[in-house]
Amino acid sequence: MNRTLNERAKSMRLHAGLPKMFWADAVSTAAYLINRGPSWQGKEVSFSHLRVFGCVSYVRIKDSDRDKLDPKAKKCIFIGYGSDDMGYRFWDEQMKKVVRSRDVTFNENAVYKDKLEVDSEFTKEQPEKEKAVLDDITEEDLARNSGSSDNVPVTPEAEVRKSSRTVRPPQRFSPSAYYMLLTEDGEPQCYSEAVQVDDSVKWKSAMEEEMNSLEKNDTWSLTELPAGKKALQNKWVFRIKDEPDGSKRYKARLVVKGYQQKKGIDYTDIFSPRQMSEEFEMKDMGAAKQILGMSIMRDRSEGTIKLSQEKYIGKLLEKFSIQDAKTRSTPLAAHFNLTKKQSPKTDEDKEYMAKVPYASAVGSLMYAMVCTRPDIAHAVGVVSRFMSNPGKEHWEAVKWLLRYLKGTSKIALRYNKKDDILEGFSDANLGGCLDSRKSTTGYIFTLGGTAVSWMSRLQKSVALSTTEAEYMAISEASKEMIWLKNSLEELGRKQADSALYSDSQSAIHLAKNPVFHARTKHIQLRYHFTRELISNGTLSLKKILGSKNPADMLTTVVTSEKLKLCIASTGLQN
């Protein structure tokens, strides 16, 4: 995709005759245009606002910024698209800066190189004292250049030829292209642009803050440049950060262009010594409010902490255009009997699924599940089995899961300081995978009634009975419980009354009875690890009713009523 972007950007820039300094703008515009190509949603996209890259444009000057006799517009060069509220982006050749405007007239029959030729010829023909300023545009000039002109022939549109190749979906580009797209929202790409944009005062303040920080921390020391060596260059990186209160923070970082180093010449082995000083300055930023896309909400009067991903889920729904869809009451429905046989077989189905961002959607859902949403662990595990070759039915299941998140985006994990008792719940289904017939292991651990660890995963071997599947699930949960107990003990919270619950009485008897039995001789040795833990008193295994076991939602599709019970039992609250 980088190659595609670079080739399109190069063609656009050379056609307009723009210098290399506009390479980033050309890449950003190319990405903007590709993103408005055919998509899996099949939504119609408006192309009426698209303009020829590098064309001559006449940007209207505000009445407050000009006198009565001054021109009403300034000649600029179109270099890209801004956000909805910023309009188009233009290069002001006279002021040497980027401007943004929506009140503009385009002359798409003339581009930057044509303007240069006109400027050159005009300079040769006219004496210096009679040179006119090309940027002073009169109303007659605007009328003559707006829309289709009688003096300038309009090039007829060429008939669009449809390619016979299979249309591939845009991969939404590499990190470098993402950066180009982000610059449309006002992030400068270099120092010269930062000091010329409208909010240059804020960027200058951010750069001063960075320089003061570097000097205060003795980041560098002056030294003589060795003979035959070249000093590495540096650059400014500008970012606008969203604060938890909704405000914007302007940040600037001065970084070294380390990629200019050559291995074997400038360096051989990389070694970065780190020596802790006796004293160093720290900044108290207060209690954490956000980390890794999770919002942290504290209520010190009640002694509670909530972890929420409402903002992340909102962006996720917007990314896949689910924000206006109907909600669902469960992560998966019982009618979703997903198998590999539902993978696309016809060329039509393969072409359709090639446009679907299945892997991206599943990966985004998986991150939400790992952080704060144990209620979707089973559904995410099911849809992730088909990422190599998903079909329409698999995609419908993913969209169903996204709709469920839409209706439950405000759910958060609520922790309290009343107690710190560790409890675990284990469950398994028999032959849950319709392709391999392997069973699913599910376990969830709570601390003070709120989930701290959970997992839903296919077992490594086929179980011959429900008892055997439950027994293997207990073994996997036992390993997790030992790790959690050791971690809590290191924090000074020794667990004496912690227990692991299972809804299978036969599996509990099997774990507590170390006597050899013909029905268990084929079970792999690793799963008998639980017996040793029970015998030495490290693990307490207890029975729980299946209707009250919150681990059920990790192994199978449950009803909305059972799901509400499981959610309440694991500390998930609105």
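Counting along the sequence shown from 1, when you hit position 272 you're at 272 in full-length UniProt numbering, and nothing is skipped either side. Yeah, the Cβ is synthetic: ideal placement off N, Cα and C, and Gly gets one too.
Query raised in the report: What's the C-alpha gap between G449 and M12?
Result: As a first step, residue 449 is located in the sequence shown; it is residue number 449 there, counting from the start. As a first step, residue 12 is located in the sequence shown; it is residue number 12 there, counting from the start. Those two C-alpha atoms are separated by around 60 Å.
**Report entry** A287 burial status per 10 Å Cβ neighbour count (16 or more: buried)
**Finding:** Within the sequence shown, residue 287 is the residue found at index 287, counting from 1. Exposed, because fewer than 16 other Cβ atoms sit within 10 Å of the Cβ of A287.
Requested in this report: Can you tell me which of S461, K68, K417 puts its alpha carbon nearest to the alpha carbon of G432?
Outcome: Start at 1 with the first residue of the sequence shown, and residue 432 comes out as number 432. Among S461, K68, K417, the Cα nearest to that of G432 is on S461.
Query - Chain-order list of residues whose beta-carbon lies under 6 Å from that of A469 (same chain, five-residue window excluded) - result: Position 469 of the sequence shown, counted from the start, is the residue given in the question as residue 469. Excluding residues within five positions, the ones whose Cβ falls inside 6 Å are A428, L430, S439, A463.
Query raised in the report: Taking the Cβ atom as the reference point for each residue, do S506 and T467 lie within a distance shorter than 7 Å?
Result: Locating residue 506 in the sequence shown gives position 506, counting from the first residue. Locating residue 467 in the sequence shown gives position 467, counting from the first residue. In this structure, T467 lies closer than 7 Å to S506 by Cβ.
Query raised in the report: beta strand (DSSP E) containing L458: first to last residue?
Result: Working through the sequence shown from its first residue, we reach residue 458 at position 458. Taken as a continuous stretch (DSSP letters only), the beta strand (DSSP E) holding L458 covers 450–458.
**Report entry** Endpoints, the alpha helix (DSSP H) within which E532 is located
**Finding:** For this step, residue 532 is matched to residue 532 along the sequence shown. 529–535 is the span of the alpha helix (DSSP H), which, as asked, contains E532.
Report task. Note down the Cα distance separating D420 from R493, rounded to an integer number of angstroms. Result -> Here residue 420 is taken as the residue at index 420 of the sequence shown, counted from 1. Here residue 493 is taken as the residue at index 493 of the sequence shown, counted from 1. D420 and R493: Cα-Cα distance of roughly 8 Å.
Query raised in the report: In this structure, does DSSP put V27 in helix, strand or coil?
Result: Translated into positions along the sequence shown, residue 27 becomes position 27. Reduced to three states, the DSSP call for V27 is helix.
Query raised in the report: Does any heavy atom of the ligand GDP sit closer than 6 Å to the C-beta of K241?
Result: Because no ligand of any kind appears in the structure shown, any question about the ligand GDP cannot be addressed here.
Query - Alpha carbon of L365 to alpha carbon of V380, nearest angstrom - result: Looking up residue 365 in the sequence shown gives position 365. Looking up residue 380 in the sequence shown gives position 380. If I take the Cα positions, the gap works out to 7 Å.
Query raised in the report: Among Q196, S535, K319, which one has its Cα closest to the Cα of H509?
Result: The residue you call residue 509 lines up with position 509 of the sequence shown. Here the closest residue by C-alpha is S535.
Query - Three-pair Cβ contact test at 8 Å for the region 14–23 versus the region 46–56 - result: yes
Query raised in the report: Based on Cα-Cα distance, which residue from Q260, K319, V452, M297 lies nearest to V370?
Result: As a working mapping, residue 370 is identified with position 370 in the sequence shown. If we check each option's Cα against that of V370, V452 comes out closest.
Query - Entirely enclosed alpha helix (DSSP H) segments - the region 464–508, minimum 4 residues - result: 466–490
Report task. Kindly indicate the opening and closing residues of the alpha helix (DSSP H) around residue 582. Result -> With the chain running from 1 to 574 in the structure shown, residue 582 is simply not present.
**Report entry** CA-to-CA distance, M481 to G391, given in whole angstroms
**Finding:** On the sequence shown, position 391 is the one that residue 391 refers to. On the sequence shown, position 481 is the one that residue 481 refers to. Cα-Cα distance, rounded: 38 Å.
Query raised in the report: By DSSP, does D427 sit in helix, in strand, or in coil?
Result: Reading the sequence shown from its first residue, position 427 is the one you call residue 427. Reduced to three states, the DSSP call for D427 is strand.
Report task. Under 8 Å by Cβ, that's how I've got A73 and Y58 pegged, so tell me the actual separation to the nearest angstrom. Result -> Along the sequence shown, read from residue 1 onward, the residue named residue 73 stands at position 73. Along the sequence shown, read from residue 1 onward, the residue named residue 58 stands at position 58. Confirmed, about 4 Å.
**Report entry** Residue range of the unbroken beta strand (DSSP E) whose run includes R403
**Finding:** Here residue 403 refers to the residue found at position 403 when the sequence shown is read from its first residue. It is not in any beta strand (DSSP E) - R403 instead sits in the alpha helix (DSSP H) that spans 392–407.
Query raised in the report: Can you pull the DSSP bridge partners for W236?
Result: Here residue 236 corresponds to residue number 236 of the sequence shown, with the count starting at 1. W236 pairs with L254.
Report task. Taking only the alpha-carbon atoms, compute the straight-line gap between T304 and D497 and give it to the nearest angstrom. Result -> In the sequence shown, the residue the question calls residue 304 occupies position 304. In the sequence shown, the residue the question calls residue 497 occupies position 497. In a straight line, the C-alpha of T304 is about 23 Å away from that of D497.
Query raised in the report: Looking at D103 and R60, is the spacing between their C-beta atoms short of 7 Å?
Result: Numbered from its first residue, the sequence shown carries residue 60 at position 60. Numbered from its first residue, the sequence shown carries residue 103 at position 103. Yes, these two residues count as a Cβ contact at 7 Å.
Query raised in the report: Rounded to the nearest angstrom, how far is the Cβ of S384 from that of V362, given a contact under 8 Å?
Result: Here residue 384 is taken as the residue at index 384 of the sequence shown, counted from 1. Here residue 362 is taken as the residue at index 362 of the sequence shown, counted from 1. Indeed, because the Cβ distance is near 5 Å, the residues count as touching under 8 Å.
**Report entry** Sequence-distant residues of its chain with Cβ nearer than 7 Å to R403 (five each side left out)
**Finding:** Translated into the one-based positions of the sequence shown, residue 403 becomes position 403. The residues are I322, A325, K326, T327, R328.
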